[in-house]
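8 protein chains.
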Amino acid sequence: MYDWIVYLSGEIHTDWREQIIEGAEEAELSMLFTGPITDHADSDECGEKLLGEEINPFWRDHKAAKINAIRTRKMIEEADLVVVRFGDKYKQWNAAFDAGYASALGKSTIILHAPELTHALKEVDAAAQAVAETPEQVVEILKYITRER
Amino acid sequence: MYDWIVYLSGEIHTDWREQIIEGAEEAELSMLFTGPITDHADSDECGEKLLGEEINPFWRDHKAAKINAIRTRKMIEEADLVVVRFGDKYKQWNAAFDAGYASALGKSTIILHAPELTHALKEVDAAAQAVAETPEQVVEILKYITRER
Amino acid sequence: MYDWIVYLSGEIHTDWREQIIEGAEEAELSMLFTGPITDHADSDECGEKLLGEEINPFWRDHKAAKINAIRTRKMIEEADLVVVRFGDKYKQWNAAFDAGYASALGKSTIILHAPELTHALKEVDAAAQAVAETPEQVVEILKYITRER
Amino acid sequence: MYDWIVYLSGEIHTDWREQIIEGAEEAELSMLFTGPITDHADSDECGEKLLGEEINPFWRDHKAAKINAIRTRKMIEEADLVVVRFGDKYKQWNAAFDAGYASALGKSTIILHAPELTHALKEVDAAAQAVAETPEQVVEILKYITRER
Amino acid sequence: MYDWIVYLSGEIHTDWREQIIEGAEEAELSMLFTGPITDHADSDECGEKLLGEEINPFWRDHKAAKINAIRTRKMIEEADLVVVRFGDKYKQWNAAFDAGYASALGKSTIILHAPELTHALKEVDAAAQAVAETPEQVVEILKYITRER
Amino acid sequence: MYDWIVYLSGEIHTDWREQIIEGAEEAELSMLFTGPITDHADSDECGEKLLGEEINPFWRDHKAAKINAIRTRKMIEEADLVVVRFGDKYKQWNAAFDAGYASALGKSTIILHAPELTHALKEVDAAAQAVAETPEQVVEILKYITRER
Amino acid sequence: MYDWIVYLSGEIHTDWREQIIEGAEEAELSMLFTGPITDHADSDECGEKLLGEEINPFWRDHKAAKINAIRTRKMIEEADLVVVRFGDKYKQWNAAFDAGYASALGKSTIILHAPELTHALKEVDAAAQAVAETPEQVVEILKYITRER
Amino acid sequence: MYDWIVYLSGEIHTDWREQIIEGAEEAELSMLFTGPITDHADSDECGEKLLGEEINPFWRDHKAAKINAIRTRKMIEEADLVVVRFGDKYKQWNAAFDAGYASALGKSTIILHAPELTHALKEVDAAAQAVAETPEQVVEILKYITRER
Numbered sequence: 001m002y003d004w005i006v007y008l009s010g011e012i013h014t015d016w017r018e019q020i021i022e023g024a025e026e027a028e029l030s031m032l033f034t035g036p037i038t039d040h041a042d043s044d045e046c047g048e049k050l051l052g053e054e055i056n057p058f059w060r061d062h063k064a065a066k067i068n069a070i071r072t073r074k075m076i077e078e079a080d081l082v083v084v085r086f087g088d089k090y091k092q093w094n095a096a097f098d099a100g101y102a103s104a105l106g107k108s109t110i111i112l113h114a115p116e117l118t119h120a121l122k123e124v125d126a127a128a129q130a131v132a133e134t135p136e137q138v139v140e141i142l143k144y145i146t147r148e149r
Numbered sequence: 001m002y003d004w005i006v007y008l009s010g011e012i013h014t015d016w017r018e019q020i021i022e023g024a025e026e027a028e029l030s031m032l033f034t035g036p037i038t039d040h041a042d043s044d045e046c047g048e049k050l051l052g053e054e055i056n057p058f059w060r061d062h063k064a065a066k067i068n069a070i071r072t073r074k075m076i077e078e079a080d081l082v083v084v085r086f087g088d089k090y091k092q093w094n095a096a097f098d099a100g101y102a103s104a105l106g107k108s109t110i111i112l113h114a115p116e117l118t119h120a121l122k123e124v125d126a127a128a129q130a131v132a133e134t135p136e137q138v139v140e141i142l143k144y145i146t147r148e149r
Numbered sequence: 001m002y003d004w005i006v007y008l009s010g011e012i013h014t015d016w017r018e019q020i021i022e023g024a025e026e027a028e029l030s031m032l033f034t035g036p037i038t039d040h041a042d043s044d045e046c047g048e049k050l051l052g053e054e055i056n057p058f059w060r061d062h063k064a065a066k067i068n069a070i071r072t073r074k075m076i077e078e079a080d081l082v083v084v085r086f087g088d089k090y091k092q093w094n095a096a097f098d099a100g101y102a103s104a105l106g107k108s109t110i111i112l113h114a115p116e117l118t119h120a121l122k123e124v125d126a127a128a129q130a131v132a133e134t135p136e137q138v139v140e141i142l143k144y145i146t147r148e149r
Numbered sequence: 001m002y003d004w005i006v007y008l009s010g011e012i013h014t015d016w017r018e019q020i021i022e023g024a025e026e027a028e029l030s031m032l033f034t035g036p037i038t039d040h041a042d043s044d045e046c047g048e049k050l051l052g053e054e055i056n057p058f059w060r061d062h063k064a065a066k067i068n069a070i071r072t073r074k075m076i077e078e079a080d081l082v083v084v085r086f087g088d089k090y091k092q093w094n095a096a097f098d099a100g101y102a103s104a105l106g107k108s109t110i111i112l113h114a115p116e117l118t119h120a121l122k123e124v125d126a127a128a129q130a131v132a133e134t135p136e137q138v139v140e141i142l143k144y145i146t147r148e149r
Numbered sequence: 001m002y003d004w005i006v007y008l009s010g011e012i013h014t015d016w017r018e019q020i021i022e023g024a025e026e027a028e029l030s031m032l033f034t035g036p037i038t039d040h041a042d043s044d045e046c047g048e049k050l051l052g053e054e055i056n057p058f059w060r061d062h063k064a065a066k067i068n069a070i071r072t073r074k075m076i077e078e079a080d081l082v083v084v085r086f087g088d089k090y091k092q093w094n095a096a097f098d099a100g101y102a103s104a105l106g107k108s109t110i111i112l113h114a115p116e117l118t119h120a121l122k123e124v125d126a127a128a129q130a131v132a133e134t135p136e137q138v139v140e141i142l143k144y145i146t147r148e149r
Numbered sequence: 001m002y003d004w005i006v007y008l009s010g011e012i013h014t015d016w017r018e019q020i021i022e023g024a025e026e027a028e029l030s031m032l033f034t035g036p037i038t039d040h041a042d043s044d045e046c047g048e049k050l051l052g053e054e055i056n057p058f059w060r061d062h063k064a065a066k067i068n069a070i071r072t073r074k075m076i077e078e079a080d081l082v083v084v085r086f087g088d089k090y091k092q093w094n095a096a097f098d099a100g101y102a103s104a105l106g107k108s109t110i111i112l113h114a115p116e117l118t119h120a121l122k123e124v125d126a127a128a129q130a131v132a133e134t135p136e137q138v139v140e141i142l143k144y145i146t147r148e149r
Numbered sequence: 001m002y003d004w005i006v007y008l009s010g011e012i013h014t015d016w017r018e019q020i021i022e023g024a025e026e027a028e029l030s031m032l033f034t035g036p037i038t039d040h041a042d043s044d045e046c047g048e049k050l051l052g053e054e055i056n057p058f059w060r061d062h063k064a065a066k067i068n069a070i071r072t073r074k075m076i077e078e079a080d081l082v083v084v085r086f087g088d089k090y091k092q093w094n095a096a097f098d099a100g101y102a103s104a105l106g107k108s109t110i111i112l113h114a115p116e117l118t119h120a121l122k123e124v125d126a127a128a129q130a131v132a133e134t135p136e137q138v139v140e141i142l143k144y145i146t147r148e149r
Numbered sequence: 001m002y003d004w005i006v007y008l009s010g011e012i013h014t015d016w017r018e019q020i021i022e023g024a025e026e027a028e029l030s031m032l033f034t035g036p037i038t039d040h041a042d043s044d045e046c047g048e049k050l051l052g053e054e055i056n057p058f059w060r061d062h063k064a065a066k067i068n069a070i071r072t073r074k075m076i077e078e079a080d081l082v083v084v085r086f087g088d089k090y091k092q093w094n095a096a097f098d099a100g101y102a103s104a105l106g107k108s109t110i111i112l113h114a115p116e117l118t119h120a121l122k123e124v125d126a127a128a129q130a131v132a133e134t135p136e137q138v139v140e141i142l143k144y145i146t147r148e149r
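Chains A, B, C, D, E, F, G and H are the protein sequences, given in the same order. Note that full-length UniProt numbering numbers the first sequence so that position 106 is 106, with each residue one more than the last. Note that full-length UniProt numbering numbers the second sequence so that position 23 is 23, with each residue one more than the last. Note that full-length UniProt numbering numbers the third sequence so that position 128 is 128, with each residue one more than the last. Note that full-length UniProt numbering numbers the fourth sequence so that position 70 is 70, with each residue one more than the last. Note that full-length UniProt numbering numbers the fifth sequence so that position 22 is 22, with each residue one more than the last. Note that full-length UniProt numbering numbers the sixth sequence so that position 116 is 116, with each residue one more than the last. Note that full-length UniProt numbering numbers the seventh sequence so that position 81 is 81, with each residue one more than the last. Note that full-length UniProt numbering numbers the eighth sequence so that position 86 is 86, with each residue one more than the last.
Set out below in C-alpha cells:
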C-alpha cells in the first residue's frame, strides 16, 4: 500500500469535492483528501471571531486570510497532488494563487474547469500535469496513477 | 551600490509599469525592472508563430503559455521583489498565479490594486509585504527600501 | 485524520503551555505539542551536568545552550506551526530567535503577547500568521484550522 | 579579489556600524556592508507615510515592519556574514529575530555584546561563529577571514 | 525495523522487476517497491482514455506522458534508491531521463544492464552508486545494504 | 541588459550548436552558450589521458565520464535554459540523462528533434517547455523570450 | 511519543555503539539507532562479492565504498542526530567525512573522542553541538534531550 | 568567458596549492582559487588573538576553529569544484570534513593523494569526481574541463 495526499483547491459552491472523494472511496483508493475550510462565512469571518473585531475591512480580511493560510500552506506543502477547480463565477484569485504556489513547490497539479475558461487559464493550465473538465475525469486519473504496476 | 531586481507582473492595459520605471529612474534607483512580454497579441500567438499552427485552441494556448513561462519563471526566480498589479477587467489568473509562485519561493511581493478588489484578493494580499493603490506608492516604497542606512 | 505538530516556544514562568495543551485535548484535536525543556535550572545547568564543569561562565552557558539546541532545532524543523509566547519579564531573546528561525524555514507562527508589547515586537509579529493575546485564542485558532472542511 | 557581503543588524543608538565600516575601509577590505534603515522615526513611520494612516497602532506597526522586511530579508539572504549587535537598552527582539533568521539560513553570525548579557543571550551566542565585545574585534575578525592565504 | 523505498525504472518487456521483488520477499527485506505503470498499451493510451481523443499524435503522447509523470515523479522523489534497467531494444530515453532526474535529486541509483551497453551508458553509470548485470546482483546489494549492523 | 545562460546538450555530429549560436549573435542576444566538450575522441579518452591507463573498459569509460561531469553538472546547474538535441543515430542516453537532470533542478528545457522521434521521446518532451524541430525555431524562441517588454 | 533517529558513525573496533544502544534501551528512549555495516571484512569486500572481482585495488575499494554509501547516505540524511566516534587508531577519514556531510545537511552532531584528540579534531568539534568523552555521556545527553518538558 | 571558483582544501605543508595556481595561470584559465588560511600558527591562534585568551585548550581551539569556519564555509559553498589534498602526515580530519561537507552540498570534488592512501581514503574517493596523484594532473583536469567546446 502506498499513500497519496491530494489537496482540493478552489471553487466552493458546487459539490465537486464530494464527487471526487466519493469516487475515490468507491474505488478504495488509499488516498487522503485535504482542502481549505469550505464554509464561506466562517472562512471570511474567522479573523474577527478568533482574534477580535476590526473596523477597517482590509484588516478584517487580512486577519482571516492569514489564519486560513496556516492550514492551506501546510496542506499544499504536504500534498502529492493538487487539484484546482475553477467555476464560472467570482474572481477565484485564491485558486490561481494556490496553483502558482503548488507549481513553485514542484507539486503536480490537475486543473479542473469548463472549456470556455481555457484561454483565461492558459498560464495555469500550462504549469499543470493534466487539465480535466469533470470530477469523474479526475477520479479516473486518480485510479490510473495509483494502480498496481 | 547594491542592486535590486523587481519583476512587474499582471495587468497589461494601462501604463503602470512605465510609471514605476520612470519614477525609479527619476530617483536614480539602482534597480533592474523585468516583466513578461506585454504585447497581448504576440504573447497569445507566440506558440503558433514560433513552433507551428495548432487546430485545437487548447494546444495553441498551451504552446504559447509554456514558451512565455520560460521567460517569466526565470525572471520571477531571479527577482528580489515581485509587484503584481490587478486591474478592473478580465480574470487575470496569471497575475494571481505569479503571486502564488513568488510567495512559495519566499519572494517579497507588493500587490497593487484598487480598494474595491480587497475582499476578492484577500488571500493574495495576505501573503504580501505591502498592498498599494497607486504606482506612485510603489515608487515611494522602492525609494524607501533602497535608501542609504 | 491528519496530524499537526505544534512547537510551543518562549516564556516558561506561567502555565500557558498547559492551557493550550489542555484546550486541545478537550477539543480532541489530533495534535502533537513539542517544546523546549522548561525546567529553568536543568536547562541552564545541562552543559556542566552532562559534559563536565566549566570555570568560565560563557562556556558554561555555551555548552548548555548547544545541547538544548539539539532538541529545539529538530522540533522546530519538524513543526507545522510554532507558537511563541512573550511574557512581561526578562529579555526572552531565545523566543525571538526561535521566531526568526521558524520564519526563515517558512513555518507558520502565532505570536502570543500582551498588547503593551506590540511596538517592541512589531518585526516578530509582522512575520507571523496570527498575533494572539491569550492561550484561549490560540486554542480557538487550532480548533478552527484543523476542522473538517 | 573576493567579495564579502556583511549585514549589520541590531542596535541603532550608537555608532558601532560606522566603527566597523571605517575599520574595514582603512584596511581596504573588499566588503559590502548592508543593514536596515537606521533612522528610528522613519523606520517606525514608513507604513503610514508610504501607504496611508492607520487608527489602530497594531496595524500601523505592522505595515511599517512589513515594508522594512522587504529590505532586511533580501539583505540577510544575500549576506555572507551577519553581525548582530545587542546594546544595554530596549528589548531588541528584532535583533534576536534576525539572528535566528540568519542561523536557519545557514549564515555565519558574529554576536556583539557586553559580557553582562552573556547569560541572556546564550541561545543566540550558541548559534554564532564568534562572540565579540567591541567593534574593533569585529574588524579584526573581518581582516583575518579575508586575508590572502 | 527500518524501511526502504526502491523505485524500479526502465525496461518493461522482461520480468526483472518480479525477480527483484521476489528475491527481496524471500529474504524478508523491509522494502517497498514502486514503479511506473508497466502495461505498455495503457501507459501509451492513458491520455486519450482519461481526457479525450487527440488528432495530433504529439499531443496524444503528451497528455499520456504528463499523466504518467504524476505517478513517476512522486515515486522517484520519495524513493531511497532508484534501480534503472536498460534492455537491448528500443531507445529507452525515459529510463535515462529517470536516472538523470533521480541523480539531480541526490538519490542513489543502481544501473542494471548488459556489459555491451557500457560505453553508451557511461554518463549514466558514472552518476550511479553501483552498476549490476543481473537482477540477482541487485537483490544481493539490497540484502547487504539493509543488514543489521 | 539581462543575461541568459543557455546550455546546449546532446547530439555532437551536426552543426546545430553553431547554427543556434550564430543565430543568436546575429540577433545580438545577450546570451552565454555553454555545453559539453564536443570532441568525441577527447571526451572518451580524457580519463586515461589525464589520470592514467585502465585495462578494464568499464573503468576507462567511468573515469572519463566523471571528469566530463565536473563540467556538465556545473554548467547545467548554472543554466537558465537547457536545449537538448536528439539526432537520428546512437543511443544518446546522456542527452536524456541531461534532460532529466535539468528537469529535476526546475530548469526550463527545449527539446530539439525530428517528428519521427516523438513517440520515443514523449516523457522527455512532456517535461519540456517547448519542442522544436529545427535550430532556427530555437533561435526564434530565444529572440522572443529575451525581447524588451 | 516523539521519535528520534540517531546515526552512529565512526570507529568500529570497540563496543561504543552497544553501550549507547543499551543505555538508551534501559532508559526506554523512543529512539532508532542506525549505522554503517560494522563488519570490517564485509564492508571492505562487498564490492567484489556483490559485483565481481577487480584486479586494480583502487576500483576494488571504490566499488565497495560506493555500495556502502547507498546505506550510509540515506541513514545520515534521515537522522535527527549523528554521533561520530573517533578512536585512537587508524586514519578514520570516513568518520570525519560523515561529520562534514552531516554538518552541511544541517544535522546536529555529537563528537565522541578522548581529550588527546582535541587539537586534531578542532574543526570537526567546532561544527558539533556537543563533544563527549564517553558513551555514558552520550546516553545522558540522549536522555536529557528527549525528556518530557 | 566563463568563470570557475576552485577551493583548495587540506594539507598545508607542501606547495601543492602554488603548483596548481601557477599551472592554471600559465594556461590562462579564468579561474579563482580560494582556500583556508594556510599559516599554521595564525590559524591555530586566531581565536585567542582576536577574541581573548582561554585557559582551557578545548575552548582555545574551539574559538579558532569557528572563526576559520566563517571563511571556509563561505568559500566551499561558493566553489564550483573542491580539490582536497591528503599528505602523508597528521590526521588531516579537517580535510576529510571538508570533503564530506562539499559532497553533501553537491559539489564536485577532486581528491589528491599518494596511492598508498587509497584504502584509507576509499569513502572519500568514492564521493569524488576524480582522484589524482599529482598537482600536475589536477592542472590538466582544470584545463580540460574549461576548454572551449
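The beta-carbon is built from N, C-alpha and C at its ideal position, and this holds for glycine as well. Note that this is a predicted model, so its numbers are computed, not measured.
Chain-order list of residues whose beta-carbon lies under 8 Å from that of residue i (same chain, five-residue window excluded)
i: H/Thr146; result: Tyr2, Trp4, Leu29, Ser30 and Met31
Cross-strand partners of residue i (DSSP beta bridge)
i: G/Leu112; result: G/Arg85 and G/Ala132
i: E/Trp93; result: In the DSSP output, where bridge partners are listed per residue, E/Trp93 has none listed.
Chain A within 8 Å of residue i, Cβ atoms only
i: C/Tyr144; result: yes
i: C/Gln129; result: yes
i: B/Asp15; result: no
Neighbour list for residue i in chain F, Cβ cutoff strictly below 7 Å
i: B/Leu50; result: Gln137, Glu140, Ile141 and Tyr144
i: B/Ile37; result: Arg147 and Arg149
Other residues of its chain near residue i: CB distance less than 7 Å, five sequence neighbours each side excluded
i: G/Ala114; result: Asp88 and Glu133
Residue-chain proximity (residue i, chain H), Cβ-Cβ < 8 Å
i: F/Ser23; result: Before going further, note that residue 23 of chain F is Gly rather than Ser in the sequence given. No, F/Gly23 lies away from the interface with chain H (no Cβ there is under 8 Å from its Cβ).
i: D/Ala132; result: yes
Minimum Cβ-Cβ distance from residue i to chain F less than 8 Å
i: E/Phe33; result: no
i: E/Asp61; result: yes
Residue i: contacting residues in chain E (beta-carbon distance under 7 Å)
i: F/Asp3; result: Near F/Asp3 there are no residues of chain E at all, since even the closest Cβ is about 23 Å away, more than 7 Å.
Residue i at chain B interface by Cβ criterion, 8 Å
i: A/Val6; result: no
Beta-carbon contacts of residue i that lie in its chain and below 6 Å, excluding the five residues immediately before and after
i: D/Pro36; result: Thr72
Contact with chain C by residue i, beta-carbon distance below 8 Å
i: D/Ala114; result: no
i: D/His119; result: yes
Chain H contacts from the segment 66-93 of chain D (Cβ-Cβ distance under 7 Å): Listed by position, the residues of the segment 66-93 of chain D near chain H (Cβ gap below 7 Å) are Asp80 and Leu81.
Contact set between the segment 92-110 of chain C and chain D, restricted to residues whose Cβ is under 7 Å from the partner: So the close ones are Trp93, Asn94, Ala96, Phe97, Asp98, Ala99, Gly100, Tyr101, Ser103, Ala104 and Leu105.
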